[in-house]
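The structure appears below as structure tokens.
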Amino acid sequence: MKKHLFRQGRHLLAALLFAFSPGLSQAQGGSITADAPQGDGICPLSALDLTKITCFDDAGKTKVRANLTTLGNPIVLRDTTYTCGVGTHAPSKAVVAVNGATRFTARLGVDDEASSAANHGIVDYTVSVFSNRQETVVMTGRVNRTDGFTIPVDVDLTGADYLVLNLENAGQAWADQVSWANAVFHYAGEAPATVLESDMYRDGSKVQDIPEAEEGLENIPLSSLEIGKATCGWGTIKADRSIDGNAIILRDTTYTSGVGTHAPSQIIVKLNGSVTRFVTRVGVDDEVLPQAQGNANYGNCNYRVSLKAENGDVRVAAEGTIKATDRTTPLIDIDVNGWKYLILEAENGVGGNSYDHVDWAGAYLVFEDQNSTRPIIVSAEELSSKLASPVTVFSQPGVRFMHKLRAANPEAEVSVSDLPEGLVWNAARQLVEGKVEQEGVYRYVAYTTFEGETSKDTVTFTVSSRLEHPVPFMGWLSWNAVQSEVSEAIVKQVADLFEEKGLYECGWNTVMMDDWWHADQRAADGKPQPNPTRFPGGVKAVADYVHAKGMKFGLYTDAAGRTCAGAFGSYGYEDIDARQYAEWGVDVVKCDYCNAPGDVETAKTRYKALGDAFKRSGRNILLYICEWGVREPWKWGAEVGGACWRVSQDVRDCWIGRGSGVGVVQSIAAMKDLAAWQGVNRFNDADMLCTGLHGTGKSSNDLCLTGPGMTMDEYRTQFALWCLWSSPMALSFDPRRPLSDEDLAIISNKEMIALNQDKMGQQADFLFEENNIQVYAKDLENGDVAIAAVNLSDADADFTFDFGRIPALDAQATYTCRDVWAQAACADVKGSLPTRVRSHATQVFRLSRKGSASGIASPLSAEGFKVKAAGGKVTVTCPGTEGLAKRIIVSDMDGRVVAARTAAGERVNVSLSAPRGAYAVSVVCGAQATSRKVLF
Ligand code: GLA
52 MKKHLFRQGR
62 HLLAALLFAF
72 SPGLSQAQGG
82 SITADAPQGD
92 GICPLSALDL
102 TKITCFDDAG
112 KTKVRANLTT
122 LGNPIVLRDT
132 TYTCGVGTHA
142 PSKAVVAVNG
152 ATRFTARLGV
162 DDEASSAANH
172 GIVDYTVSVF
182 SNRQETVVMT
192 GRVNRTDGFT
202 IPVDVDLTGA
212 DYLVLNLENA
222 GQAWADQVSW
232 ANAVFHYAGE
242 APATVLESDM
252 YRDGSKVQDI
262 PEAEEGLENI
272 PLSSLEIGKA
282 TCGWGTIKAD
292 RSIDGNAIIL
302 RDTTYTSGVG
312 THAPSQIIVK
322 LNGSVTRFVT
332 RVGVDDEVLP
342 QAQGNANYGN
352 CNYRVSLKAE
362 NGDVRVAAEG
372 TIKATDRTTP
382 LIDIDVNGWK
392 YLILEAENGV
402 GGNSYDHVDW
412 AGAYLVFEDQ
422 NSTRPIIVSA
432 EELSSKLASP
442 VTVFSQPGVR
452 FMHKLRAANP
462 EAEVSVSDLP
472 EGLVWNAARQ
482 LVEGKVEQEG
492 VYRYVAYTTF
502 EGETSKDTVT
512 FTVSSRLEHP
522 VPFMGWLSWN
532 AVQSEVSEAI
542 VKQVADLFEE
552 KGLYECGWNT
562 VMMDDWWHAD
572 QRAADGKPQP
582 NPTRFPGGVK
592 AVADYVHAKG
602 MKFGLYTDAA
612 GRTCAGAFGS
622 YGYEDIDARQ
632 YAEWGVDVVK
642 CDYCNAPGDV
652 ETAKTRYKAL
662 GDAFKRSGRN
672 ILLYICEWGV
682 REPWKWGAEV
692 GGACWRVSQD
702 VRDCWIGRGS
712 GVGVVQSIAA
722 MKDLAAWQGV
732 NRFNDADMLC
742 TGLHGTGKSS
752 NDLCLTGPGM
762 TMDEYRTQFA
772 LWCLWSSPMA
782 LSFDPRRPLS
792 DEDLAIISNK
802 EMIALNQDKM
812 GQQADFLFEE
822 NNIQVYAKDL
832 ENGDVAIAAV
842 NLSDADADFT
852 FDFGRIPALD
862 AQATYTCRDV
872 WAQAACADVK
882 GSLPTRVRSH
892 ATQVFRLSRK
902 GSASGIASPL
912 SAEGFKVKAA
922 GGKVTVTCPG
932 TEGLAKRIIV
942 SDMDGRVVAA
952 RTAAGERVNV
962 SLSAPRGAYA
972 VSVVCGAQAT
982 SRKVLF
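With the working numbering applied, the sequence shown covers 52 to 987.
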């Protein structure tokens with residue numbers, strides 16, 4: 052629920068920015084001035100450490116300020132200027148350790164500088180004191196920019212430990228600028244001090260660190276491992292913090308290290324042979340003491356520590372009951388020598404799960420041999436024999452197919468049976484590959500075996516020349532730069548630009564409207580309708596315009612009552628919407644998931660309802676699932692009728708995002724381990740590309756740690772990765788701003804695009820990372836392999852690809868080589884390939900095995916290459932290639948193969964029986980691929 056509000060909040064940012072426009076934020080200058088009390092024994096709140104006070108941060112514009120408003124103007128409340136005080140923007144929280152102070156006084160109000168428009172400047176406040184961990188709310192209420200008064204605050208602090216000043220947005224987060232004017236403490240002795248909320252009641256006198264390791268050993272804190280792989284019954288498991296994000300405190304002792312969980316939780320450590328001992332305390336965190344003292348069922352749990360051997364034997368090393376109100380917490384110190392897994396479990400005890408905040412406090416593993424494999428945390432799934440690859444896969448007739456079969460547990464054995472003719476099992480690489488010529492739905496069986504347990508999965512393999520999404524779409528989406536300005540004019544402008552700049556020729560052929568194309572509400576008959584001002588001719592006219600250029604048209608909806616920006620969604624209107632979209636001529640529908648229930652089953656049901664409605668609509672409409680990867684849609688998206696799905700939160704125009712912001716670094720984290728799930732008609736989508744934005748976007752500029760905007764090398768890396776991954780590609784620049792030649796060069800690089808559009812639809816495997824360089828390899832339809840080195844470090848680096856570490860390559864073979872960025876040949880390579888990669892840049896090479904059916908010595912000249920279509924056939928002429936094997940593929944503008952042929956002549960005829968229209972003819976010859984559009 053919280054998260055939900057947060058997502059909505061993000062979209063209010065645009066509105067917020069408006070509220071902060073200069074005209075509205077100028078200090079008004081009060082006619083009266085009110086000074087704060089001064090002198091000995093008076094301590095202004097503004098003199099304390101304000102960095103400990105939290106505050107809504109609008110890209111650095113709003114922050115907590117001493118003696119000024121959050122925007123940096125004099126504090127003026129209802130025409131009275133206050134020379135002293137603290138300016139904030141809700142949500143904001145101040146926690147002050149009272150330290151014996153006796154009284155706190157202030158005036159509270161929304162600053163005069165805030166906008167008084169509807170829904171702006173409305174804040175709920177709570178002033179409370181904590182004594183012995185018990186909260187007493189002193190005053191609470193609502194302040195409003197339109198109030199004619201301010202609130203006097205006068206708090207008796209006698210006997211209190213902490214004073215907490217809390218401000219929350221009441222409804223919307225717009226212009227919630229609030230000041231604690233003339234805020235002062237009356238004290239004698241030690242002055243009060245602000246503290247982080249997480250440090251409240253932290254008893255500094257009893258701190259427990261992890262002990263120094265003995266000579267030759269290392270004490271590895273449990274919290275330093277990848278705890279995200281553990282399960283947790285509520286909230287997010289935390290390193291060195293309790294589940295609520297506070298310091299880990301058990302019975303007044305603060306543990307500087309440990310793991311905070313909520314029962315039921317399970318942490319599985321794979322010991323990897325060199326861990327000898329495990330030490331921890333376990334207990335229910337003191338943070339729930341006040342509640343547990345009031346209700347014996349609260350904070351009442353069971354714990355178990357067990358060991359599992361290689362052969363599956365299990366020994367329970369410690370177990371028992373723990374309660375928040377226990378006087379002591381069990382110390383566990385066990386010998387784990389020779390065991391393969393250590394399993395830490397916490398279960399809800401008597402009375403359900405309320406306040407079951409279980410800490411593994413001061414937990415560490417004694418690691419003996421520093422040269423051996425370190426312990427890691429693995430997911431419960433990784434201990435099973437489950438298949439971690441898709442069971443619904445697709446290909447086109449006569450097109451090479453690949454299906455990587457992975458088990459959740461990397462040690463499990465994988466095998467297959469019942470492969471249809473044309474496919475073989477490549478045991479060394481654990482993948483099914485080959486070519487099936489006949490259309491049809493085939494089935495084969497995948498087996499995964501671990502510790503004597505076998506899982507059997509039937510794979511459904513559809514071979515069809517009518518797939519919805521044979522190669523990833525290449526288009527444009529309005530969100531990043533245009534947001535609420537999306538209009539008929541803008542959509543047309545993008546289509547024109549695609550044509551004029553030669554982008555259509557490169558494959559960019561889908562123009563999509565994101566959120567906010569909508570009217571305020573549906574038509575009286577329930578049908579969706581566009582904003583009448585921005586779409587004066589209606590949606591169909593726009594779609595027709597786009598279609599007339601041979602391009603496709605897409606729009607956006609949400610699988611709930613409301614979209615993320617608050618427009619009407621499609622939940623409950625699936626058929627009405629699908630019929631209307633079909634009538635308008637919509638080809639792609641991006642279906643968002645704001646305002647919908649969080650569980651995966653509901654998500655599947657809602658997307659399936661949309662997918663089914665699209666199928667009933669009579670038009671081929673591609674269902675583009677956008678639930679941000681939260682429910683792992685790669686595991687069910689194809690099964691509910693989706694043909695691509697987002698894997699992350701929204702991409703931002705920066706290298707590193709902060710918070711939930713996704714910079715290139717976070718896109719990599721979201722995509723890099725999903726290669727086995729990628730394939731034709733089932734694409735993992737890494738979200739919009741930022742080429743051409745240069746920090747001019749809207750929400751794409753938020754949540755950036757390094758930006759907004761990226762260096763050209765960073766934009767190039769983003770583009771290269773999307774191409775290597777076979778991610779659908781949606782540009783998101785503002786068509787009203789010029790695209791630079793450098794930007795155009797990125798998105799017009801046909802050899803890079805050819806990797807994205809490769810008909811085998813494989814995502815490059817992430818192979819390893821060394822010295823901040825990541826190495827990827829992508830299998831291509833003609834047998835070529837693209838390899839890439841991504842330099843994540845801040846320095847340029849030399850790097851040598853070692854073919855012995857790239858399973859798709861043969862270290863003994865010689866390859867011809869193309870530098871894909873340069874679109875130029877490089878020298879033949881064998882065994883290794885040295886290169887230099889600039890900081891944050893990516894080098895990509897396409898390698899073609901010499902002497903193989905597709906390999907040739909001399910490059911194919913794109914200039915000399917001619918294509919003619921007439922008389923039921925396409926004739927391709929490639930001068931200078933006589934005797935060299937080449938593969939010719941003719942596909943429609945969606946990437947559906949309509950004819951293919953391998954031949955060696957300089958001139959090759961491919962007969963074609965296909966309807967009139969535009970087709971792409973590609974020739975793959977050695978390490979080169981080139982393509983042309985023809986009208987047939
Ligand atoms: C969500 C999606 C974005 C965009 C916006 C529109 O945040 O993830 O891609 O569609 O909604 O409101």
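Cβ atoms here follow ideal geometry from the backbone N, Cα and C, with glycine treated the same way.
My assumption, with CB atoms under 8 Å, is that Thr511 sits in contact with Val442. Please give the rounded CB distance.
As a working note, residue 511 is residue 460 in the sequence shown. As a working note, residue 442 is residue 391 in the sequence shown. Indeed they touch by this definition, with Cβ atoms about 7 Å apart.
My assumption, with CB atoms under 8 Å, is that Ala846 sits in contact with Ser791. Please give the rounded CB distance.
Here the question's residue 846 lines up with position 795 in the sequence shown. Here the question's residue 791 lines up with position 740 in the sequence shown. The pair is not a contact, with the Cβ atoms about 26 Å apart (cut-off 8 Å).
Mind checking which residues open and close the beta strand (DSSP E) that includes Lys112?
Along the sequence shown, read from residue 1 onward, the residue named residue 112 stands at position 61. No beta strand (DSSP E) contains Lys112, which DSSP labels as neither H nor E.
Would you mind reading off the limits of the alpha helix (DSSP H) that contains Trp773?
Stepping through the sequence shown from its first residue, residue 773 is reached at position 722. Counting along the chain, the alpha helix (DSSP H) containing Trp773 begins and ends at 763-776.
Rounded to whole angstroms, what is the Cα-Cα separation between Ala805 and Arg457?
Residue numbering aside, residue 805 sits at position 754 when the sequence shown is read from its first letter. Residue numbering aside, residue 457 sits at position 406 when the sequence shown is read from its first letter. The alpha-carbon atoms of Ala805 and Arg457 are separated by roughly 27 Å.
Taking 6 Å as the limit between beta carbons, can you name the residues of its chain near Ala689, skipping five residues before and five after?
As a first step, residue 689 must be located in the sequence shown, where it is residue number 638. If we look at Ala689 and ignore the five residues flanking it on each side, its Cβ neighbours are Thr443, Arg733.
Beta-carbon separation of Lys321 and Tyr415 under 7 Å?
The residue you call residue 321 lines up with position 270 of the sequence shown. The residue you call residue 415 lines up with position 364 of the sequence shown. It is not a contact, given that the beta carbons lie outside the stated cut-off.
Cβ of Trp706 versus every heavy atom of the ligand GLA: is any distance shorter than 6 Å?
Taking the sequence shown and counting its residues from 1, one reaches residue 706 at position 655. It does not: the Cβ of Trp706 is nowhere closer than 6 Å to a heavy atom of the ligand GLA.
Would you call the CB atoms of Arg196 and Ala165 closer than 7 Å?
By one-based count along the sequence shown, residue 196 stands at place 145. By one-based count along the sequence shown, residue 165 stands at place 114. Cβ atoms of Arg196 and Ala165: closer than 7 Å.
Within this structure, are the beta carbons of Thr513 and Val492 separated by less than 7 Å?
For the purposes of this step, residue 513 is taken as the residue at position 462 of the sequence shown. For the purposes of this step, residue 492 is taken as the residue at position 441 of the sequence shown. Yes, Cβ-Cβ distance for Thr513 and Val492 is below 7 Å.
Any heavy atom of the ligand GLA closer than 6 Å to the Cβ of Asp643?
Residue 643 sits at position 592 when you count from the first residue of the sequence shown. Within the cutoff, so yes.
Drop a sphere of 10 angstroms on the beta-carbon of Gln962, count the other beta-carbons inside from all chains shown, and report buried for 16 or more, exposed for fewer.
Numbered from its first residue, the sequence shown carries residue 962 at position 911. Residue identity differs from the one stated: residue 962 is Ser in this sequence, not Gln. Exposed: under 16 other Cβ atoms inside 10 Å.
Nearest CA to the CA of Asp377: which residue from Ala347, Asp386, Arg355?
Residue mapping note: residue 377 aligns to position 326 of the sequence shown, counting from 1. Considering only alpha carbons, the answer is Ala347.
Mind checking whether Ile318 and Leu216 have CB atoms under 7 Å apart?
Position 267 of the sequence shown, counted from the first residue, corresponds to residue 318. Position 165 of the sequence shown, counted from the first residue, corresponds to residue 216. No, Cβ-Cβ distance for Ile318 and Leu216 is not below 7 Å.
By DSSP, does Cys557 sit in helix, in strand, or in coil?
Here residue 557 is taken as the residue at index 506 of the sequence shown, counted from 1. In the structure shown, Cys557 sits in a helix (DSSP, three-state: H, G or I).
Output yes or no for whether 7 Å exceeds the beta carbon distance between Gly669 and Ala633.
As a working note, residue 669 is residue 618 in the sequence shown. As a working note, residue 633 is residue 582 in the sequence shown. For Gly669 and Ala633, yes; Cβs fall inside 7 Å.
Below 6 Å, is the gap between the Cβ of Cys615 and the nearest heavy atom of the ligand GLA?
Numbered from 1 along the sequence shown, position 564 holds the residue referred to as residue 615. For the ligand GLA, at least one heavy atom lies less than 6 Å from the Cβ of Cys615.
If I measure Cβ to Cβ from Arg709 and keep anything under 6 Å in the same chain, skipping five residues before and after, which residues do I get?
In the sequence shown, counting from the first residue as 1, residue 709 sits at position 658. Result list for Arg709: Leu754, Leu756, in chain order.
Relative to the C-alpha of Arg983, which residue among Glu248, Val925, Arg967, Ala954 is closest?
Your numbering for residue 983 matches position 932 in the sequence shown. Measuring from the Cα of Arg983, the nearest candidate turns out to be Val925.
If you compare alpha carbons, which of Gly526, Ala234, Glu370, Ser430 is closest to Leu276?
Along the sequence shown, one-based indexing puts residue 276 at 225. Of the listed residues, the one whose Cα sits closest to Leu276 is Ser430.
Which one of Ala141, Ala110, Asn353, Tyr495 has the shortest CA to CA distance from Lys749?
Taking the first residue of the sequence shown as 1, we reach residue 749 at position 698. Residue Ala110 is the option with its Cα nearest to Lys749.
How about Gly413 and Ser308: do their beta carbons lie closer than 7 Å?
Residue numbering aside, residue 413 sits at position 362 when the sequence shown is read from its first letter. Residue numbering aside, residue 308 sits at position 257 when the sequence shown is read from its first letter. Against a cut-off of 7 Å, the Cβ pair of Ser308 and Gly413 comes out as a contact.
Among the residues of its own chain, which have a CB less than 7 Å from the CB of Leu740, if the five just before and after it don't count?
In the sequence shown, counting from the first residue as 1, residue 740 sits at position 689. Contacts found: Gln769, Phe770, Trp773, Met780, Ala781, Leu782, Ser783.
For Gln631, which residues from the same chain have a beta carbon less than 6 Å from its beta carbon, with the 5 sequence-adjacent residues on both sides left out?
Residue 631 sits at position 580 when you count from the first residue of the sequence shown. Counting only Cβ-Cβ distances below 6 Å, and skipping sequence neighbours, we find Lys578, Pro579.
Quick one: what's got a C-beta closer than 7 Å to Ser293's C-beta in the same chain, skipping five residues either side?
For the purposes of this step, residue 293 is taken as residue 242 along the sequence shown, with counting starting at 1. Here the set comprises Ile299, Gly311, Asp336, Glu338, His408, Asp410.
Does the distance between the C-beta of Trp568 and the nearest non-hydrogen atom of the ligand GLA fall short of 6 Å?
For the purposes of this step, residue 568 is identified with residue 517 of the sequence shown, where counting begins at 1. False, no ligand heavy atom lies under 6 Å from that Cβ.
Check this for me: beta carbons of Asn477 and Gly284, under 7 Å apart or not?
As a first step, residue 477 must be located in the sequence shown, where it is residue number 426. As a first step, residue 284 must be located in the sequence shown, where it is residue number 233. No.
Taking the beta strand (DSSP E) that Tyr970 belongs to, which residues open and close that run?
What you label residue 970 is simply residue 919 of the sequence shown in a count that begins at 1. Start and end: 969-976.
Taking the beta carbon of Asp849 as the centre, do at least 16 other beta carbons fall within 10 Å, making it buried, or is it exposed?
In the sequence shown, counting from the first residue as 1, residue 849 sits at position 798. The residue is exposed, with fewer than 16 neighbouring Cβ atoms inside 10 Å.
Does at least one heavy atom of the ligand GLA sit under 6 Å from the Cβ of Trp530?
Position 479 of the sequence shown, counted from the first residue, corresponds to residue 530. Yes, the ligand GLA has a heavy atom inside 6 Å of this Cβ.
If I'm right that Val948 touches Gly296 with Cβ under 8 Å, what's the distance once you round it to whole angstroms?
Working through the sequence shown from its first residue, we reach residue 948 at position 897. Working through the sequence shown from its first residue, we reach residue 296 at position 245. Not really, about 53 Å apart at Cβ, beyond 8 Å.
Whose CA, out of Leu340, Pro521, Ala497, Ala148, lies closest to the CA of Gln813?
For the purposes of this step, residue 813 is taken as residue 762 along the sequence shown, with counting starting at 1. Measuring from the Cα of Gln813, the nearest candidate turns out to be Pro521.
Can you list, in chain order, the residues of its chain whose CB lies under 6 Å from that of Ser964, leaving out five sequence neighbours each side?
By 1-based counting over the sequence shown, the position of residue 964 is 913. Taken in chain order, the list of residues that qualify is empty.
Hey, would you say the C-beta of Asp565 is under 6 Å away from at least one heavy atom of the ligand GLA?
Within the sequence shown, the letter at position 514 stands for residue 565. Answer for Asp565: yes, Cβ within range of the ligand GLA.
Report all residues from its chain with a CB closer than 7 Å to the CB of Lys54; omit the five preceding and five following residues, and keep chain order.
Numbered from its first residue, the sequence shown carries residue 54 at position 3. At Lys54, the pLDDT of 33 sits below 50, so the modelled position is not reliable; the number obtained from the coordinates is stated separately. The answer is none, since no qualifying residue turns up.
Helix, strand or coil for His520? Go by DSSP, reduced to three states.
Against the sequence shown, residue 520 aligns to sequence position 469. Here His520 sits in coil by DSSP.
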